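In UniProt numbering, the protein residues as written are 1 to 105.
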């Protein structure tokens, strides 16, 4: 599975900014919300596949976002605990903000 292009990532981020509830991915969402999210992911997959970069199925894009989110949360927690000396890029921070991550003060 090849990595999305920067253009594709920017497309995903701007879509998530328009649909913040999709970015946050609340577990135990009701059926209406789940149906809405399914439609949004279908729309997003088409949109991202129309941009220059690797083409993926809807489930593959969902997995990409989920993995990205999880890895950034882990990285930020390690930074906050002093286990990692690096810092998140502005783009990575933006993704965590979209996902409603609570940064340590």
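Don't be surprised by glycine CBs; every beta carbon is placed ideally from N, CA and C. Every value quoted in this text rests on a predicted model; they were computed, and no experiment measured them.
Measuring C-alpha to C-alpha distances from residue 51 to each of 59, 4, 63, 60 identifies 4 as the nearest.
Apart from sequence neighbours up to five positions away, the residues of its chain that approach residue 2 with a beta-carbon distance below 6 Å are 54, ordered along the chain. Classified as exposed, residue 81 has fewer than 16 neighbouring CB atoms from the shown chains inside 10 Å of its CB. Between the segment 4-13 and the segment 36-52 there are three or more inter-stretch CB-CB distances shorter than 8 Å, so the stretches are counted as touching.
Taken through DSSP and simplified to helix, strand or coil, residue 5 comes out as coil. Contact between residue 15 and residue 44 holds: their C-beta atoms lie close to 5 Å from each other, under 8 Å.
Residue ranges of uninterrupted alpha helix (DSSP H) with 4 or more members, entirely inside the UniProt domain "Myb/SANT-like DNA-binding" (5-70) and ordered along the chain, are 6-18, 20-24, 31-49. Of the candidates 95, 87, 42, 42 places its Cα closest to the Cα of residue 57.
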